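Taking it in order: structure first as structure tokens, then the write-up.
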Amino acid sequence: FAAAAGVPVLIKWPNDVVALDGRKVSGILVEMEADGDRVRHCVVGIGVNVNQQPADFPPEVRPSAVSVRLLAGRPVARVPLLQAILTGFEARYRTVTAAGFGAVLDEVRRNSATLSRNVVVLETGGGSWDGRALAIVDDGALLIEPAGGGEARRVYAADVSIKPAGGGQPP
2 FAAAAGVPVL IKWPNDVVAL DGRKVSGILV EMEADGDRVR HCVVGIGVNV NQQPADFPPE
62 VRPSAVSVRL LAGRPVARVP LLQAILTGFE ARYRTVTAAG FGAVLDEVRR NSATLSRNVV
122 VLETGGGSWD GRALAIVDDG ALLIEPAGGG EARRVYAADV SIKPAGGGQP P
């Protein structure tokens, strides 16, 4: 929606769209069913904060959430925004189905809010660890160098938060 609303955004691995300051403007969820290595189907849900004002967000997320309206400095028409999102999604879907994920991977890397940043990884099993995001590898995993040193680890599924530049906890 950068082009549709005139607001620059970045991708926070694996499934968030954030403003340049890191506040979340959109999230994407994918549910997939597979047989072995064959994907049977995927259901994709996209949520976008379109015209919310700060008071519309719950107090606990206000520091880390933003709407397209707040970024653009004006109300945003939802139908043209939706059309732009769907047009962009369709173009990338066609590219991926014809040429594979690698065909859009460079765009993801160029627009990443996560790469070269210090991160906190909250694993699905409940553990957490700190590191530095090094790369998004060809299969989509995030390659992270652990903060204490050691071999870089591929992360396929986890909640990855970007650590604030001055230290402290992510929002």
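For the sequence shown, the residue numbers in our numbering are 2 to 172.
All C-beta atoms in this analysis are idealised placements derived from N, C-alpha and C, irrespective of residue type, glycine included.
Being a predicted model, the structure only gives us computed values, none of them experimental.
As assigned by DSSP and simplified to three states, the class of residue i
| i | result |
| --- | --- |
| L72 | helix |
| V77 | coil |
| P147 | strand |
| R93 | helix |
| L21 | coil |
| A174 | The structure shown does not extend to residue 174, since the chain spans only 2 to 172, so no value can be given for it. |
| L83 | helix |
| A5 | helix |
| A99 | helix |
From the options, residue whose alpha carbon lies closest to that of residue i
| i | options | result |
| --- | --- | --- |
| V44 | A100, E34, L72 and G89 | E34 |
| P165 | L144, V120 and L143 | V120 |
| A153 | V161, P64, A134 and G141 | A134 |
| R24 | T125, G126 and V8 | V8 |
| D57 | S68, L87 and G37 | S68 |
| R155 | I47, P55, V122 and G89 | V122 |
| L143 | V10, L106, L82 and G126 | L106 |
| A20 | W14, V10 and S27 | V10 |
| A3 | S117, Q54, N112 and S65 | N112 |
| R79 | V161, H42, A6 and Y157 | A6 |
| V31 | A99, D17 and G37 | D17 |
| V161 | P55, H42, E61 and I145 | I145 |
Delimiting residues of the beta strand (DSSP E) encompassing residue i
| i | result |
| --- | --- |
| A56 | Neither: A56 is in no beta strand (DSSP E) and is coded neither H nor E. |
| L11 | V10 to K13 |
| S65 | Here S65 belongs to no beta strand (DSSP E), and DSSP marks it neither H nor E. |
| P51 | According to the sequence shown, residue 51 is Val rather than Pro. No beta strand (DSSP E) contains V51, which DSSP labels as neither H nor E. |
| A153 | Element bounds for A153: n/a, residue is neither H nor E. |
| A159 | A159 to I163 |
Whether residue i touches residue j by CB criterion (8 Å)
| i | j | result |
| --- | --- | --- |
| I137 | R110 | yes |
| N52 | R70 | yes |
| T115 | A159 | no |
| I86 | I29 | no |
| V26 | V49 | yes |
| G1 | F90 | Examination of residue 1 is not possible in this model, given that the chain is present from 2 through 172 alone. |
| R95 | I163 | no |
Bounding residues of the alpha helix (DSSP H) (the contiguous stretch that carries residue i)
| i | result |
| --- | --- |
| L123 | Premise fails: L123 lies in the beta strand (DSSP E), N119 to E124, not in any alpha helix (DSSP H). |
| G173 | Look at the range of the chain in this structure, 2 to 172, and you will see that residue 173 is not part of it. |
Residue-chain proximity (residue i, chain B), Cβ-Cβ < 8 Å
| i | result |
| --- | --- |
| I12 | The structure shown contains no chain B; it holds only a single protein chain. |
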